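Protein chains in written order, with our numbering: chain A, 1 to 276; chain B, 277 to 817.
Backbone N, C-alpha and C define an ideal beta-carbon position, used for all residues, glycine too.
Treat the numbers as computed from the prediction; the structure is a model and nothing was measured.
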Amino acid sequence: MKKTNRIAYVLVATIMLMASVSVFAEELRIDGSTTVGPIGDAFAEAFKNNYKGLDITVKKTGSGDGAAALIDGRCDVAMMSRFMKDKEFKAAVEKGIMPVAHVVAMDGVCVVVHPSNPVKALTAKQIRDIYTGKITNWKQLGGADMDVVIISRDTSSGTFETFHKLVMKKEEMCSATEYVSSNPQAHARVKTTTGAIGYVGIGFLDSAVRALEIDSIIPTKQSIASGRYPIARPLFLFTNGYPKPGTMVFKFCTFYLTETGQEIIEAKGFIPVTNY
Amino acid sequence: MKFSFRYIQDKIFTGFATGAAGLLVVVLLLVLTPMVYRGTKAVVFQGTIEYRKMQLDVFGRGDIEVIATEKAKAQQVRDKLYAMIEGFKKGLDVDVLSGRAKNIYRNYGKEIRDKELASEEFRRRRELSRKIRNELMTAFSLSDKEQIKAHLDNVLGYKDNTDFEGTSAKDFFALAEEFSEIVENIDLKRRKEYANSLGEIEGAVLKLLGPLPGDAVPALVQDRYGCTRMDMAKVQIDRVLYSQRWVSQANNDSLVKVKISRVQQFAGTEMARLFDFVENNADAMLMPKSTFYWQYFIDDSTAGHYFGGVGHEIIGTLLLTIVAMLFAFPLGVISAAYLVECASDGPVTRIVRMCINSLAGVPSVVFGLFGLAFFVLYLLPLMGALSKGCVLTASLTLGVLTLPVMIRASEEAIRAVPKTYKEASLGLGATGLRTFVKVTLPAAMPGILTGVILSISRVAGETAPVLFTGAVALGPLPKSLFDPARTLSYGSYDIAVGDRLAMQVPHNQYGMVVTLVLLIIVLNTAAIFLRAKIFKKLKGL
Numbered sequence: 001m002k003k004t005n006r007i008a009y010v011l012v013a014t015i016m017l018m019a020s021v022s023v024f025a026e027e028l029r030i031d032g033s034t035t036v037g038p039i040g041d042a043f044a045e046a047f048k049n050n051y052k053g054l055d056i057t058v059k060k061t062g063s064g065d066g067a068a069a070l071i072d073g074r075c076d077v078a079m080m081s082r083f084m085k086d087k088e089f090k091a092a093v094e095k096g097i098m099p100v101a102h103v104v105a106m107d108g109v110c111v112v113v114h115p116s117n118p119v120k121a122l123t124a125k126q127i128r129d130i131y132t133g134k135i136t137n138w139k140q141l142g143g144a145d146m147d148v149v150i151i152s153r154d155t156s157s158g159t160f161e162t163f164h165k166l167v168m169k170k171e172e173m174c175s176a177t178e179y180v181s182s183n184p185q186a187h188a189r190v191k192t193t194t195g196a197i198g199y200v201g202i203g204f205l206d207s208a209v210r211a212l213e214i215d216s217i218i219p220t221k222q223s224i225a226s227g228r229y230p231i232a233r234p235l236f237l238f239t240n241g242y243p244k245p246g247t248m249v250f251k252f253c254t255f256y257l258t259e260t261g262q263e264i265i266e267a268k269g270f271i272p273v274t275n276y
Numbered sequence: 277m278k279f280s281f282r283y284i285q286d287k288i289f290t291g292f293a294t295g296a297a298g299l300l301v302v303v304l305l306l307v308l309t310p311m312v313y314r315g316t317k318a319v320v321f322q323g324t325i326e327y328r329k330m331q332l333d334v335f336g337r338g339d340i341e342v343i344a345t346e347k348a349k350a351q352q353v354r355d356k357l358y359a360m361i362e363g364f365k366k367g368l369d370v371d372v373l374s375g376r377a378k379n380i381y382r383n384y385g386k387e388i389r390d391k392e393l394a395s396e397e398f399r400r401r402r403e404l405s406r407k408i409r410n411e412l413m414t415a416f417s418l419s420d421k422e423q424i425k426a427h428l429d430n431v432l433g434y435k436d437n438t439d440f441e442g443t444s445a446k447d448f449f450a451l452a453e454e455f456s457e458i459v460e461n462i463d464l465k466r467r468k469e470y471a472n473s474l475g476e477i478e479g480a481v482l483k484l485l486g487p488l489p490g491d492a493v494p495a496l497v498q499d500r501y502g503c504t505r506m507d508m509a510k511v512q513i514d515r516v517l518y519s520q521r522w523v524s525q526a527n528n529d530s531l532v533k534v535k536i537s538r539v540q541q542f543a544g545t546e547m548a549r550l551f552d553f554v555e556n557n558a559d560a561m562l563m564p565k566s567t568f569y570w571q572y573f574i575d576d577s578t579a580g581h582y583f584g585g586v587g588h589e590i591i592g593t594l595l596l597t598i599v600a601m602l603f604a605f606p607l608g609v610i611s612a613a614y615l616v617e618c619a620s621d622g623p624v625t626r627i628v629r630m631c632i633n634s635l636a637g638v639p640s641v642v643f644g645l646f647g648l649a650f651f652v653l654y655l656l657p658l659m660g661a662l663s664k665g666c667v668l669t670a671s672l673t674l675g676v677l678t679l680p681v682m683i684r685a686s687e688e689a690i691r692a693v694p695k696t697y698k699e700a701s702l703g704l705g706a707t708g709l710r711t712f713v714k715v716t717l718p719a720a721m722p723g724i725l726t727g728v729i730l731s732i733s734r735v736a737g738e739t740a741p742v743l744f745t746g747a748v749a750l751g752p753l754p755k756s757l758f759d760p761a762r763t764l765s766y767g768s769y770d771i772a773v774g775d776r777l778a779m780q781v782p783h784n785q786y787g788m789v790v791t792l793v794l795l796i797i798v799l800n801t802a803a804i805f806l807r808a809k810i811f812k813k814l815k816g817l
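Put into structure tokens, the structure is as follows:
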């Protein structure tokens, strides 16, 4: 029994010690969207190498929580895959926080089908008809006699919001729609289902799914950067006021303007807003 | 009659019980086996030279000289591969060929300017060389063999022109001859097909072997190396050897996947040798070695868990679990002691007990939101600390989450202590507190530890409560209880939803999950040993 007691004492002492020792290193807290998360992760990796002694933490809990965290003062930079809502702005201003948006990259939302599907191009209207349930068989679109399996992201995601606004024109999706909660899941669902249609960020395109031409425009880095591809959205970093030059927050929010920053954004499958 | 019926009943019961237990084992094996199998690949695999390079650069591990020699040896073989691709590309790429023709034209222009010819003569020669250059460039851009031949013949017709004697314009004719040879060997009508295929091959080779030695170092660590593992390398080698196409078939509406061997695609060209070379020299280029990466359990990882291990996550999970148990254990035991020893069995006690029981059924995300609202947003600012999720808030949230389990288990354990123990102690003159601490509690300890075991498993594996209260996807080791930590549970969630990395490094995803399972098993085993020891002592052995 004595030995156990001693172990317990040591444990408590260690933890007390840990609680009392607080090293004041510079800190940068980043929170928010799972879509922008990879950029945050990669920027953090670059910063960790460039600025020793900087404590940088990245958390990915969704755009909504990113906004909430910025308003609560739980983070320095909020990553968001959509713009702040009126309500969030109001809440922020009431708390004395002025959200400022920095667009770090563009993301294209690609409509994808199984590679065995002969349909290669659709119009935005046809896609809307599929998702509203007016078209239920690929035959109606010149494909094989096969039921359409509709895959959508969950309604709380920024990707859904983009699709809902730009393709659906805010029309309701039909009840047959199957909702999945992440980009990898949507990709996996389309990859394994021959009649499936879904949408993912351009970074998730690979040989296992095929991206459709929409209104005869192929989603490529060029067509998205030039604004020709219809379903594209900016990705944001939000800060409280414009960060003071020289601070870590400033360096982080302007990192996308550097060549390394742009290279990272491209490596992560997004499209830089700057042409270099 | 009655007796035999009882016998059968017993047998049936035993049969069912055994069946149920067997089913449980089968289900457990079905769930765990593939997971453990894939998770093991994070630790035991065929590591390539790229892996050893990465380990040296990122973690400072390995012998610099040995790796340098290996690198040089592999590079020799790789250089042959690069030379083959480069050689073929040179003959194929219109831009490169045109560039060469332009260069010759420019050089020749300089030469004749230096010769100080009469302006008339200078202009004539320059005109002529421009004409030759344009002929060449037209030839390069065409794909019909006969037409190209005609243009090349035009060029070669000037070969014996005395103007060009001893000048760099001779290079025009060398280039024309080189190209006419290429035309003989390569079907230029398939130039586009070749170029596409070559693009795919180059992409796969880049992924397989990493960036070329002279190229700029990519910004992200994950792009700086080729395939670090043979299982990943095999996928890329397959992409080099075969191209995949989805083609339509006459009797079928759907497209069908076909694998085309690139050897056939490039048959008759210089490139055809490349595929055999890759297949036969894969080991020489990558130098696979059986690797046991035990440091997986102590290493930090690069962004998105691409390389490295789960060391930080293990420390974070342990820290959260221990602090949560330090909080939940005494509180749970004291609450249970109150419920059993002090409280009378009135309606209030019954309501309290009911509340505890229903608390055990509340979804964990509710606890997470409670922890965010109460500990992070209310309590921390009240204490004068910065309002941010940290180890302390996450542990407290987990402690609250597991409190009902602790209370229930402790209560049952304390209740199960024979009354005679207590009576004997009280009879000897001990006070109620002394009796509880010295007699009841030790006797109840094994039962309470069962509660601890159940709690540990739950606390270590929960994601939702720590999501908002103190777990981060990326960050340094916590320096104090007021820093956030990385945990295995949130890490697994992060890999699964965030990035496309999970598609690229599935072994790390499974590795993390299996580590979590292992960690819980280790913690539980420790608690079980402790329980057995106490049990032994109680029995007076």
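Could one say the Cβ of residue i lies closer than 8 Å to chain A's Cβ atoms, at least one of them?
i	result
L658/B	no
K812/B	no
S765/B	no
P752/B	yes
G502/B	no
A495/B	yes
R807/B	no
R776/B	yes
T726/B	no
Using a Cβ cut-off of 8 Å (strictly closer), state whether residue i contacts chain B.
i	result
P184/A	yes
I56/A	yes
G143/A	yes
E263/A	yes
Could you check whether residue j and residue i sit closer than 8 Å to each other, using their CB atoms as the reference points?
i	j	result
H783/B	R314/B	yes
Y525/B	V532/B	Inspection of the sequence shows that residue 525/B is occupied by Gln rather than by Tyr. Contact: yes.
G647/B	T678/B	no
G323/B	R505/B	yes
S456/B	L418/B	no
F321/B	T567/B	yes
E411/B	N437/B	no
A325/B	A350/B	Strictly speaking, residue 325/B in this sequence is Ile, with Ala absent from that position. Yes, Cβ-Cβ distance for I325/B and A350/B is below 8 Å.
I804/B	I729/B	yes
Tell me the rounded alpha-carbon separation between residue i and residue j.
i	j	result
V681/B	G727/B	6 Å
A747/B	A600/B	14 Å
I71/A	I97/A	7 Å
A740/B	V641/B	5 Å
E263/A	A92/A	33 Å
S20/A	I150/A	Unreliable placement is indicated for S20/A, whose pLDDT of 48 sits below 50; the coordinate value is still reported in the next sentence. Computed Cα separation, rounded: 55 Å.
G767/B	D775/B	12 Å
L814/B	G703/B	20 Å
M1/A	V713/B	Confidence in M1/A is poor, its pLDDT being 47 and thus under 50, which makes the residue's placement unreliable; the coordinate value appears in the next sentence. So the two alpha carbons sit approximately 13 Å from each other.
For residue i, which residues of its own chain have a beta-carbon under 6 Å away from its beta-carbon, when the five flanking residues on both sides are left out?
i	result
I796/B	S733 and A736
Y229/A	G108, I217, P219 and S223
V319/B	Y569 and Y572
Among residues of its own chain, excluding the 5 on either side of residue i, which ones have a beta-carbon nearer than 7 Å to its beta-carbon?
i	result
Y283/B	none
D770/B	A749
P234/A	V103 and M106
D215/A	T123, A124 and P230
Could you check where the alpha helix (DSSP H) with residue i kicks off and where it finishes?
i	result
S156/A	Where S156/A is concerned, there is no enclosing alpha helix (DSSP H), given that its DSSP letter is neither H nor E.
M563/B	Neither: M563/B is in no alpha helix (DSSP H) and is coded neither H nor E.
Residues in its own chain within less than 8 Å of residue i by CB, not counting five upstream and five downstream?
i	result
G433/B	none
K48/A	L54 and I56
R409/B	A377, K378, I380, Y381 and F448
What span of residues does the beta strand (DSSP E) with residue i cover, start to end?
i	result
D55/A	L54 to K60
R29/A	E26 to G32
P234/A	A232 to N240
Is the CB of residue i under 8 Å away from at least one CB in chain E?
i	result
T260/A	No chain E appears in this structure, whose protein chains are A and B.
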